[in-house]
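So the structure is just underneath, and the comments pick up after that.
There are 2 protein chains.
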Amino acid sequence: MPGAFTVAIQELQELLGERLETSSSVRQHHAHDESFHLPASPEAVAFPKSTSEVSEIARICMRHHMPMLPFGTGTAMEGGVNASHGGLSIDMSLMNNILSVTSEDMDCTVQAGVTRKQLNEHLRDQGMFFPIDPGADASVGGMAATRASGTNAVRYGTMRDAVLALTVVMADGKIVKTSSRARKSAAGYDLTRLFIGSEGTLGIICEISLRLHAIPEAISAAVCAFGSVEGAINTVIETIQMGVPIARIELLDAAAINAVNQYSGTDYPFLPHLFLEFHGTQAWVAEQASIVKELAVENQGSEFQWASNTEDRTALWQARHDFAYAARATRPNARIFSTDVCVPISQLAQCILETITDIKSMPMSMPIVGHVGDGNFHVVPAVDPENEAEMLLIDSFHTRLIHRALSAGGTCTGEHGIGQGKKAFLAEELPAGVDIMKTIKHALDPDNLMNPGKVVDIN
Amino acid sequence: MPGAFTVAIQELQELLGERLETSSSVRQHHAHDESFHLPASPEAVAFPKSTSEVSEIARICMRHHMPMLPFGTGTAMEGGVNASHGGLSIDMSLMNNILSVTSEDMDCTVQAGVTRKQLNEHLRDQGMFFPIDPGADASVGGMAATRASGTNAVRYGTMRDAVLALTVVMADGKIVKTSSRARKSAAGYDLTRLFIGSEGTLGIICEISLRLHAIPEAISAAVCAFGSVEGAINTVIETIQMGVPIARIELLDAAAINAVNQYSGTDYPFLPHLFLEFHGTQAWVAEQASIVKELAVENQGSEFQWASNTEDRTALWQARHDFAYAARATRPNARIFSTDVCVPISQLAQCILETITDIKSMPMSMPIVGHVGDGNFHVVPAVDPENEAEMLLIDSFHTRLIHRALSAGGTCTGEHGIGQGKKAFLAEELPAGVDIMKTIKHALDPDNLMNPGKVVDIN
Ligand SMILES: Cc1cc2nc3c(=O)[nH]c(=O)nc-3n(C[C@H](O)[C@H](O)[C@H](O)COP(=O)(O)OP(=O)(O)OC[C@H]3O[C@@H](n4cnc5c(N)ncnc54)[C@H](O)[C@@H]3O)c2cc1C
Ligand SMILES: Cc1cc2nc3c(=O)[nH]c(=O)nc-3n(C[C@H](O)[C@H](O)[C@H](O)COP(=O)(O)OP(=O)(O)OC[C@H]3O[C@@H](n4cnc5c(N)ncnc54)[C@H](O)[C@@H]3O)c2cc1C
Numbered sequence: 001m002p003g004a005f006t007v008a009i010q011e012l013q014e015l016l017g018e019r020l021e022t023s024s025s026v027r028q029h030h031a032h033d034e035s036f037h038l039p040a041s042p043e044a045v046a047f048p049k050s051t052s053e054v055s056e057i058a059r060i061c062m063r064h065h066m067p068m069l070p071f072g073t074g075t076a077m078e079g080g081v082n083a084s085h086g087g088l089s090i091d092m093s094l095m096n097n098i099l100s101v102t103s104e105d106m107d108c109t110v111q112a113g114v115t116r117k118q119l120n121e122h123l124r125d126q127g128m129f130f131p132i133d134p135g136a137d138a139s140v141g142g143m144a145a146t147r148a149s150g151t152n153a154v155r156y157g158t159m160r161d162a163v164l165a166l167t168v169v170m171a172d173g174k175i176v177k178t179s180s181r182a183r184k185s186a187a188g189y190d191l192t193r194l195f196i197g198s199e200g201t202l203g204i205i206c207e208i209s210l211r212l213h214a215i216p217e218a219i220s221a222a223v224c225a226f227g228s229v230e231g232a233i234n235t236v237i238e239t240i241q242m243g244v245p246i247a248r249i250e251l252l253d254a255a256a257i258n259a260v261n262q263y264s265g266t267d268y269p270f271l272p273h274l275f276l277e278f279h280g281t282q283a284w285v286a287e288q289a290s291i292v293k294e295l296a297v298e299n300q301g302s303e304f305q306w307a308s309n310t311e312d313r314t315a316l317w318q319a320r321h322d323f324a325y326a327a328r329a330t331r332p333n334a335r336i337f338s339t340d341v342c343v344p345i346s347q348l349a350q351c352i353l354e355t356i357t358d359i360k361s362m363p364m365s366m367p368i369v370g371h372v373g374d375g376n377f378h379v380v381p382a383v384d385p386e387n388e389a390e391m392l393l394i395d396s397f398h399t400r401l402i403h404r405a406l407s408a409g410g411t412c413t414g415e416h417g418i419g420q421g422k423k424a425f426l427a428e429e430l431p432a433g434v435d436i437m438k439t440i441k442h443a444l445d446p447d448n449l450m451n452p453g454k455v456v457d458i459n
Numbered sequence: 001m002p003g004a005f006t007v008a009i010q011e012l013q014e015l016l017g018e019r020l021e022t023s024s025s026v027r028q029h030h031a032h033d034e035s036f037h038l039p040a041s042p043e044a045v046a047f048p049k050s051t052s053e054v055s056e057i058a059r060i061c062m063r064h065h066m067p068m069l070p071f072g073t074g075t076a077m078e079g080g081v082n083a084s085h086g087g088l089s090i091d092m093s094l095m096n097n098i099l100s101v102t103s104e105d106m107d108c109t110v111q112a113g114v115t116r117k118q119l120n121e122h123l124r125d126q127g128m129f130f131p132i133d134p135g136a137d138a139s140v141g142g143m144a145a146t147r148a149s150g151t152n153a154v155r156y157g158t159m160r161d162a163v164l165a166l167t168v169v170m171a172d173g174k175i176v177k178t179s180s181r182a183r184k185s186a187a188g189y190d191l192t193r194l195f196i197g198s199e200g201t202l203g204i205i206c207e208i209s210l211r212l213h214a215i216p217e218a219i220s221a222a223v224c225a226f227g228s229v230e231g232a233i234n235t236v237i238e239t240i241q242m243g244v245p246i247a248r249i250e251l252l253d254a255a256a257i258n259a260v261n262q263y264s265g266t267d268y269p270f271l272p273h274l275f276l277e278f279h280g281t282q283a284w285v286a287e288q289a290s291i292v293k294e295l296a297v298e299n300q301g302s303e304f305q306w307a308s309n310t311e312d313r314t315a316l317w318q319a320r321h322d323f324a325y326a327a328r329a330t331r332p333n334a335r336i337f338s339t340d341v342c343v344p345i346s347q348l349a350q351c352i353l354e355t356i357t358d359i360k361s362m363p364m365s366m367p368i369v370g371h372v373g374d375g376n377f378h379v380v381p382a383v384d385p386e387n388e389a390e391m392l393l394i395d396s397f398h399t400r401l402i403h404r405a406l407s408a409g410g411t412c413t414g415e416h417g418i419g420q421g422k423k424a425f426l427a428e429e430l431p432a433g434v435d436i437m438k439t440i441k442h443a444l445d446p447d448n449l450m451n452p453g454k455v456v457d458i459n
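Sequence order for the protein chains is V and W. All residue numbers for the first sequence refer to UniProt numbering, where the first residue is 1 and numbers rise by one. All residue numbers for the second sequence refer to UniProt numbering, where the first residue is 1 and numbers rise by one.
This is the structure we're talking about:
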């Protein structure tokens with residue numbers, strides 16, 4: 001709709017000057033995330049620098065009924081930033097100040113546009129780190145908004161656990177602090193957790209207080225190949241059940257290893273692998289590793305191949321983190337279709353094995369990777385979203401996979417969120433829950449201006 | 001109001017038979033928790049046995065505008081169960097079935113009336129335990145409702161972390177499942193966390209899936225006396241900052257030790273103490289303990305007095321858990337007034353020391369205990385709620401303490417909740433947040449029937 005929101009855009013321009021963009025290149029850049037979902041451009045893109053500017057922006061949008069779409073780094077997987085209902089993309093990248101680091105409390109407060117790598121770079125000298133690590137260098141705000149996790153979640157938890165407090169701008173511009181920096185609190189409803197995972201549909205996260213962790217005295221990473229996916233998964237399950245506080249335990253099946261070798265120049269054997277990491281004191285790391293090595297041997301795993309120095313370890317995890325890009329690169333001009341189920345770990349082996357059987361019926365390569373210590377795994381085909389026949393095939397595979405996970409007592413998304421892609425699955429998973437979510441959405445954003453069309457539909 | 005809700009009570013009687021009680025002794029028993037808040041009897045008490053019965057009860061209450069007050073074991077500290085607006089107390093004690101334990105997933109699903117000791121008794125043979133331990137043998141539903149924690153929270157987290165999923169009955173009788181049993185999920189708004197800490201004001205928690213933990217190979221508990229409270233607190237702060245995953249680290253000041261000695265027959269020296277516990281493998285426990293021992297020595301702590309066998313350890317922690325009763329027993333017919341602030345740990349020493357100075361100006365004994373690894377501590381005078389002058393003095397002390405905690409970036413309640421006692425403090429702590437809470441309460445319980453007058457006031 002050309003000319004829509006003309007007055008709103010004028011007012012925004014008065015507020016932000018050059019930090020209100022309407023060029024088609026900038027709009028197109030904000031029309032999509034890293035997924036296969038079809039792009040949809042916003043009418044304009046705002047680049048606020050402060051919480052109070054975000055609040056002013058919201059007041060203007062509210063007055064003119066202009067949808068607001070928070071934008072972090074656009075790396076998400078369910079089309080959450082796409083302007084499917086038009087409106088204003090609010091790009092948080094200039095809100096990238098680290099406001100405070102309190103080493104005595106092992107926490108920090110940052111603006112939402114700070115990325116996880118920027119934060120860890122800043123923290124390194126102080127002997128602390130922020131553990132949540134989606135493969136992409138995502139913004140902390142986007143990570144909170146999607147309840148993201150990554151390879152470290154098995155030990156350190158997800159964004160749900162990492163966030164102490166948020167400052168959020170509501171649809172009407174009100175600024176809300178959700179909590180204090182205290183480690184725990186029973187002070188009323190858990191607003192912090194309500195906004196974590198709300199994907200920009202309840203408010204715009206502007207500032208975030210985060211728990212940090214001491215960089216462990218010793219870190220050891222290793223790679224272990226298995227003759228079968230079962231062997232790898234059973235090693236994982238036994239490790240978790242023995243209570244070993246492993247820091248990372250990642251599955252890559254043979255197809256995934258293949259994509260990684262091609263993209264990252266590694267030469268792992270064409271077999272299922274576990275990528276592992278142990279954190280602790282020297283002695284404690286050695287003890288953990290020896291327990292897991294024994295379990296791996298019992299499950300026909302190879303010798304551990306250690307990445308002992310920092311560079312080797314960084315390279316190992318960069319290869320793992322780049323996996324989605326590696327999968328995409330297996331085919332020219334492809335987009336990523338990442339499934340994301342998570343099941344109770346007792347169901348993991350069966351769920352993955354049935355999925356592998358299902359994959360055999362598919363005409364394309366469908367590599368599997370997983371944060372398997374949490375029961376979370378991704379099947380990641382590279383797709384051509386414009387190829388309808390192919391998308392239909394993949395859609396029906398996806399539906400089967402999610403039904404498999406739901407009937408195993410699992411969830412349709414372990415970490416990527418609902419976005420526009422999984423609203424129907426959310427309703428299958430939590431039929432009565434969705435009604436409560438809609439009631440909350442309606443109460444907090446009655447005009448449906450915050451990222452409309454995502455997570456739940458109201459009005 | 002005699003005769004109020006006569007028709008509702010008749011209908012409830014038809015539904016529940018003898019499990020609907022109107023005798024004054026039963027009503028009086030449900031008129032209060034363990035705190036100083038003045039009792040207020042409900043018109044009747046229901047003892048449901050199933051989620052569907054709770055749903056039927058809610059439908060009846062909704063039709064007749066009868067307030068519903070969930071009741072766990074009545075051990076809470078802010079008058080949350082008191083029928084300040086009249087209504088029906090819904091006692092969950094007959095909903096005490098352990099529905100399933102899945103040892104492969106280290107989780108279980110229980111009815112809300114199961115108590116923490118009952119659950120741990122049941123789990124012991126399976127090598128698992130449930131770590132959240134308020135001093136009292138509280139119900140798991142009440143613990144979820146208050147976002148409770150206890151001595152183990154520094155290692156294992158609070159009810160926020162322990163709960164995987166809930167089944168909740170809403171004010172209108174709808175039954176809502178909030179999540180799956182998967183370890184993590186990004187499926188929509190975090191309804192689980194919304195109900196945890198909602199103190200019966202948003203719905204009645206009927207079933208709960210909980211994370212469990214493997215009973216560690218080795219457990220060592222110790223007691224260490226200090227010449228000063230500072231020495232004890234500094235030991236705690238340094239332990240946390242070094243990243244030692246200590247399982248328990250509890251402060252008792254000299255006055256608290258005195259109360260414990262009298263109540264539990266122990267003979268600890270009249271000095272501030274830390275009670276400590278380490279969990280892990282043999283080697284790892286030894287390593288942790290030696291690190292903390294060194295820190296204690298540097299802070300002028302005594303030798304560690306070890307409680308090595310299970311009985312000694314149980315006795316040690318029972319004495320700690322009974323502390324609130326010990327404090328009450330220091331004075332005949334007294335009630336417990338437990339303050340409950342929690343601050344960032346960097347502020348803990350100063351906050352406690354200023355509080356000790358403040359206590360010196362008070363005419364009564366005011367022992368201090370604390371889950372200090374979390375920055376959470378309680379000052380627990382035994383009071384006579386009918387003595388107005390005394391209550392005024394204590395109230396003003398309490399206000400000063402909370403203002404001290406809030407200005408240190410802390411919270412007015414670390415674990416006990418808001419109940420009827422702290423609504424004004426909640427509004428001071430999170431002024432804009434309270435408006436959001438009210439909006440949510442209004443949306444989910446428009447007739448204000450769920451535990452009215454607690455946490456937030458609407459209508
Ligand atoms: C190679 C690769 C690997 C990945 N691996 C993982 C992984 O291991 N684990 C994982 O969880 N994810 C993973 N992802 C997905 C993605 O990185 C995460 O979802 C991440 O949290 C998105 O952050 P972002 O800043 O890019 O958010 P965006 O994509 O910009 O936005 C995502 C959603 O959050 C909303 N949002 C963004 N910022 C805010 C804000 N400040 N306030 C309110 N709402 C906001 C948006 O409106 C949108 O709905 C991966 C992606 C890639 C490309
Ligand atoms: C000696 C002693 C020591 C204590 N130590 C601690 C401690 O270390 N840490 C701590 O956190 N607390 C502690 N407490 C406080 C208390 O034990 C906790 O608050 C506990 O969680 C209350 O559980 P309950 O079953 O007794 O709940 P109740 O007192 O029965 O109820 C508390 C609140 O929860 C609501 N509620 C109860 N059940 C449900 C349900 N099924 N659904 C919805 N709402 C419900 C009630 O309406 C009320 O508002 C202690 C208390 C005592 C007496």
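Ideal Cβ placement from N, Cα and C applies to all residues, glycine included. Please read all numbers here as calculations on a predicted model, not as lab measurements.
- In this structure, V:Gly-150 is the residue among V:Met-170, V:Val-168 and V:Gly-150 with its C-alpha nearest to the C-alpha of V:Asp-161.
- Contacts between W:His-213 and chain V, judged by CB atoms closer than 9 angstroms, involve Gly-243 in chain order.
- In this structure, the alpha-carbon of W:Ile-249 lies about 7 angstroms from that of W:Val-236.
- In its chain, beyond the 5 residues on either side, Phe-129 and Phe-130 have a beta carbon closer than 8 angstroms to the beta carbon of W:Asn-120.
- Relative to ligand 1, even the nearest heavy atom lies 8 angstroms or more away from the CB of V:Leu-252.
- For V:Val-114, the secondary structure class from DSSP, reduced to helix, strand or coil, is coil.
- Per DSSP, the continuous alpha helix (DSSP H) segment holding W:Lys-293 begins and ends at 282-298.
- Rounded to whole angstroms, the Cβ separation of W:Val-163 and W:Ile-208 is 6 angstroms, and the two are in contact under 8 angstroms.
- As the crow flies, the alpha-carbon of W:Arg-63 is around 28 angstroms from that of W:Ile-418.
- Inclusion of V:Arg-331 and V:Asp-253 in the CB contact set at 9 angstroms is not warranted, their separation being larger than that value.
- Taking the C-beta atoms as reference points, V:Leu-94 is found no nearer than 9 angstroms to V:Ala-44.
- Look at the segment 74-95 of chain W: it has no residue with a C-beta under 8 angstroms from a C-beta of chain V.
- Between W:Leu-348 and W:Val-372 a beta carbon distance of about 6 angstroms is seen, short of the 8 angstroms cut, so the two are scored as contacting.
- Taking the CA atoms as reference points, V:Gly-414 sits about 42 angstroms from W:His-85.
- When C-alpha distances from V:Gly-142 are compared across V:Ile-440, V:Pro-381 and V:Ile-205, the shortest belongs to V:Ile-205.
- Using a Cβ-Cβ cut-off of 9 angstroms, W:Met-170 counts as an interface residue toward chain V, since at least one Cβ of chain V sits closer than that to its own.
- In the DSSP assignment, the residues bridged to V:Asn-376 are V:Cys-342 and V:His-371.
- At a cut-off of 9 angstroms between beta-carbon atoms, W:Asn-234 makes no contact with chain V.
- Within its own chain, the residues whose Cβ lies closer than 6 angstroms to the Cβ of W:Ser-103, once the five positions on either side in sequence are excluded, are Gln-126, listed in chain order.
- Between W:Gly-135 and W:Arg-320, the C-beta spacing is below 9 angstroms.
- Contact residues of the segment 270-296 of chain V toward chain W are Thr-281, Ala-283, Trp-284 and Glu-287 (C-beta to C-beta distance below 7 angstroms).
- W:Lys-423 sits away from W:Asp-395, with the two beta carbons spaced by 9 angstroms or more.
- For the C-beta of W:Leu-444, the chain V residues within less than 9 angstroms are, from N- to C-terminus, Ile-436, Thr-439, Ile-440 and Ala-443.
- Of the heavy atoms belonging to ligand 2, none sits nearer than 8 angstroms to the Cβ of W:His-442.
- When Cβ pairs closer than 8 angstroms are counted between the two stretches, the segment 215-235 of chain V is seen to touch the segment 299-315 of chain V, the count reaching three or more.
- Proximity of the beta carbon of V:Leu-69 to ligand 1 is indicated: a heavy atom of the ligand is located closer than 8 angstroms.
- By alpha-carbon distance to W:Asp-107, the top candidate from W:Ala-214, W:Val-434, W:Ile-352 and W:Phe-397 is W:Ala-214.
- Residues of chain V whose Cβ lies closer than 8 angstroms to the Cβ of W:Thr-102 are, in chain order, Pro-344 and Ser-346.
- Membership of V:Lys-423 in the alpha helix (DSSP H) is indicated by the continuous run 423-429.
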